[in-house]
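Take a look at the structure set out below.
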């Protein structure tokens, strides 16, 4: 595939190329909705079956840290949107600044997640390892709580994996933007990584109430 | 080839959206500690999910520029959500209607 | 080939995609969609052969009531590995990734697909997924059935389930990448003048298939990942002993795996929609209805999955809804069959090999589709569910439909892909052999099902023997029918006569470029100013112009 | 007996003629379409054979009336198929109230069957002719499926669920049954015979057995005290749990205001998930017995609780809305 400037040879115009890339990204995100959807369905059905144990297990999660992480991730979405804006508005100097801010916030999120995971490790709430929900809880309660935590780790783990990929993409963008590659005319990569980043934010926006909030009042 | 109308959203709008998202986050965190199920069974769940959907919509529409984008993009978003709804709704309706 | 009299002598073009570069690297690192199609052809042929060998062993084993060949464990592994190899690694990628990859850019007048690197990546993902599955086959095999029902697969099976489901999980991303690539390519890469309603129906069918790839595949991926986790870490998502729900697994599994059936059949329908107008030399009957029926099959196909679960204790209301919707999805398939048949009316029909496959397809798909109604019918499903009736039904769709379509397509476009003609007489014999062998193999299985023989049995009561022997006899004819094309296709690559750009002649854009096409597909970007399948207004095809004066190019519709 | 295709097995249950009539209708409807389409293809194939090498066909693009015809007519026919099938299926999913309950437990790779009086069988099922039979299907490991071709019925046995399968045998005789859901290595040999007997023979057969098998009511009663059920579920309803006397088959009012029929699945669920449906007036105090009882033991307990159905209703029993059968 030969390339002229930013235009790959199989496209006729830059516009066609950008159009294709954006469409491809959106389609990929549609795929991702269904990918997480399988987990959401598994969670919903099991929660309906074991509302009591799921509520109890949910309450062992740290609400403060969960809320903090929600705020951090939303803030990172803002800085990401600003990075896209800088590129579109042609403010080349600002792009790396906002990218670095996004990176920092993304890393903070993953750090907080690591702290939460560690707490679960200490409490023996990691499925697959020796698991004890509460001292003296029966085998059945244990099993159902383990189911909750399997889903908790499955959903947040998959989400965290997406965050890690996102951090990698941001690092690549940062490198490219420092080289001055992105301009008001050509900024599709930033825009598309932005779409991805916001999508990951949206997944968390749903994980937060489902895992941390529902039935907390009980 | 649909013409891509480049619409640059101003940072002011981003800040407004960000502030709304933060307020909604605080609201949902607070609402979770109040027993709303007393008014109507399952109200806590509904409130939490409605707020989450509002937040998600704000992110999609403004941070992701869906509000300014082509019909084609909107169609893809709707399809993604609709297919998720098919899966959730039809499966749950099986569980809900078992005798 | 279209002629029995003297044909004009063609020569191969000097430069084309096959001789533009040489060496193994030029193939393994290619981003040319035409070469990637060849890579996929190699992959799917390997898995087809592997799955075919398993099938042959199954049929030989079932010659006697007590089983002739292998132990029960091995038999269970054979049918599981047959299903996994055939479904996930042959049928799903076959037409889209081989013919679709090769043809979609050519048909819409593009130089390549939208994301050539992702296209190559999808092949590597497919190969890596395939390696995991082969590793599973080689180290303990797989005995869960291709459906991986829990808790059998996640707890009780002693076979190598984890590598297999991880392999299928990985392979899912190959499907997703292909689907993304096709959908974007069809949206953004069309040549000037190639409007949506001038697209060949093959492209419409692949667009519909892409919808399923994109929105269905992720669900099977996550589901099988959960099974792998459940098995390796002893989690309980679908294991009732740990509080999980095995029925939930079936919902998730069939949410993808029923639409996946349409992934296999829709592209074949696309192939048939190309072949029939070409060899009847007239516009296809009801173009918009065929195009719309592809999309409606893809969409409605997502609403019917729980008809696989009528007897699991599913709610009666859900069963009623899913049965009703299953009957609805039959309507667009029926529309296609009627339109194909009507296309033959007042045509100028020849019986070249692709046409034989297409006509065979209609007959077999008709039987496969109608017997699908039996299974969608709630009152009959309580009798024939999980019997050989089901086996016969889906082989009529998968083998009689998808594979006949795939072979028909290969014969139709082989001159375009290789620039060479295959021996027509042998090809016709192979087509007839396949048709006869197929019906002999799977026809008796309908009767076995009606008699009450359950599926996946390594031995059976003696009253079922006669039909089983008949089925095995048919399978040996079928095997011969598959070997023949493999031999003469290979032969023709080297020794076949040069085909020329448009041997049939056909009306699609892909036939306006050289055979084999140049790397860039077209020397100049084509501009389309004709309607699809419009023989009357295509003097460039060299067929007798009708007595009436030429109508303007846009005059039809 | 109604019309029957020669290839089909004997018709030996009430469902067999229903399924077979539907089958014949479907076969005829399908054959009609197959013949019409195939005949049209063959006719066109010869009639419109290419005469000269450069001939082209007539440029016909379509016909709206035809399209609508072949959308609407198949749609109508398929709705008939759906409706007819639905009638049979809905009947099949709703077992009559006074059916004879027989417990069937699948495990790799055998069927354990328990008759109403406790007589146990393995891979053999004896039933009286002319009586509605309800099989309550459970599984101890993976999913199985109980299939009797001569009765034209089958149903999955799913671990963690109870499914029911009912039929009324109409012809005495011996009929094959199979496991029809793939369940591992010996799936193909997990079958046996249903023996349909005259009611008097069946009664005699049942009576001739009690000496060999433990009475499940006795076994259930023993478990009831061994597992300390009796400490809370005291007969007069003054314990921490509701009295179980006479509750079977009736309706219990739950803490959240809804009611539930006290049947096998409910008792099973209450043993395994005691807090899912709490009877009004009681606190969730019962521990789960998940993992501590085999399916057989659960069935014994259910049979025991069922035997209390005829026990006098206690004076102060809570939670019982209407004792006895609905």
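Protein chains in written order, with the numbering used here: chain Y, 1 to 218; chain R, 1001 to 1099; chain F, 2001 to 2557; chain X, 3001 to 3326.
The beta carbon of each residue, even a glycine, is placed where N, CA and C say it ideally should be.
First through last residue of the alpha helix (DSSP H) which encompasses residue i
| i | result |
| --- | --- |
| residue 2181/F | 2161 to 2188 |
| residue 3103/X | That residue, residue 3103/X, is in no alpha helix (DSSP H); its beta strand (DSSP E) goes 3100 to 3107. |
| residue 2206/F | 2201 to 2233 |
| residue 2273/F | 2246 to 2280 |
| residue 3174/X | Taken as a continuous stretch (DSSP letters only), residue 3174/X belongs to no alpha helix (DSSP H), being part of the beta strand (DSSP E) at 3173 to 3179. |
| residue 3065/X | 3064 to 3093 |
Status (buried if at least 16 other CB within 10 Å, exposed otherwise) for residue i
| i | result |
| --- | --- |
| residue 218/Y | exposed |
| residue 2077/F | buried |
| residue 2258/F | buried |
| residue 3116/X | exposed |
| residue 1071/R | exposed |
| residue 2207/F | buried |
| residue 3264/X | buried |
| residue 2101/F | buried |
| residue 2400/F | buried |
| residue 2444/F | buried |
| residue 198/Y | buried |
| residue 2529/F | exposed |
Cβ separation of residue i and residue j, assumed to be a contact under 8 Å, to the nearest whole Å
| i | j | result |
| --- | --- | --- |
| residue 3129/X | residue 3196/X | 5 Å |
| residue 2263/F | residue 2092/F | 5 Å |
| residue 2368/F | residue 2331/F | That belief does not hold up - the Cβ atoms of residue 2368/F and residue 2331/F are roughly 16 Å apart, past 8 Å. |
| residue 2501/F | residue 2411/F | That pair is no contact at about 17 Å. |
| residue 235/Y | residue 58/Y | Any property of residue 235/Y remains undetermined from this structure, which presents chain Y solely from 1 to 218. |
| residue 2184/F | residue 2115/F | 7 Å |
| residue 3088/X | residue 3018/X | 5 Å |
| residue 2150/F | residue 2238/F | 4 Å |
| residue 2298/F | residue 2211/F | 5 Å |
Unbroken beta strand (DSSP E) run spanning residue i, endpoints
| i | result |
| --- | --- |
| residue 2377/F | Here residue 2377/F belongs to no beta strand (DSSP E), and DSSP marks it neither H nor E. |
| residue 3225/X | Taken as a continuous stretch (DSSP letters only), residue 3225/X belongs to no beta strand (DSSP E), being part of the alpha helix (DSSP H) at 3216 to 3226. |
Rounded straight-line distance, which links the Cα of residue j to that of residue i
| i | j | result |
| --- | --- | --- |
| residue 2291/F | residue 2205/F | 7 Å |
| residue 180/Y | residue 1020/R | 33 Å |
| residue 3001/X | residue 3150/X | Low local confidence applies: a pLDDT of 40 at residue 3001/X is under 50, so the model's placement there is unreliable, and no value is given. |
| residue 2096/F | residue 3106/X | 42 Å |
| residue 2023/F | residue 2029/F | 10 Å |
| residue 123/Y | residue 147/Y | 16 Å |
| residue 1069/R | residue 2343/F | 41 Å |
| residue 71/Y | residue 200/Y | 14 Å |
| residue 2025/F | residue 2418/F | 20 Å |
| residue 3211/X | residue 143/Y | Caution applies to residue 3211/X, whose pLDDT of 49 falls short of 50 and renders its modelled position unreliable; the model cannot decide the point. |
| residue 2521/F | residue 3154/X | 56 Å |
| residue 44/Y | residue 3092/X | 30 Å |
| residue 3101/X | residue 2376/F | 30 Å |
| residue 16/Y | residue 8/Y | 10 Å |
| residue 2174/F | residue 2336/F | 29 Å |
| residue 3245/X | residue 2152/F | 39 Å |
| residue 2188/F | residue 3025/X | 49 Å |
| residue 2147/F | residue 2226/F | 14 Å |
| residue 3174/X | residue 3016/X | 15 Å |
| residue 2194/F | residue 2230/F | 49 Å |
| residue 3159/X | residue 2139/F | 29 Å |
Contact test: residue i Cβ vs the ligand ZN heavy atom, cutoff 7 Å
| i | result |
| --- | --- |
| residue 2047/F | Ligands in the displayed structure: none, and consequently the ligand ZN is not present. |
- Taking only beta carbons into account, state which residues of the segment 3112 to 3128 of chain X come closer than 9 Å to chain F, listed in chain order. Flagged: no residues at all.
- For the segment 2294 to 2322 of chain F, which residues have a CB atom closer than 9 Å to at least one CB atom of chain R, in sequence order? Under the 9 Å Cβ criterion, the segment 2294 to 2322 of chain F contributes 2302, 2303, 2305, 2306, 2309, 2313, 2314, 2315, 2316, 2317, 2318, 2319, 2321 and 2322.
- Query: What residues from the segment 1011 to 1033 of chain R come within 7 Å of chain Y, judged by C-beta to C-beta, listed N to C?
  - Reply: Within the segment 1011 to 1033 of chain R, the qualifying residues are 1011, 1014, 1018, 1021, 1022, 1025, 1028, 1029, 1032 and 1033.
- Pull out every residue of the segment 2195 to 2215 of chain F whose Cβ sits closer than 9 Å to any Cβ of chain R, in chain order. Answer set for the segment 2195 to 2215 of chain F: 2211, 2214 and 2215.
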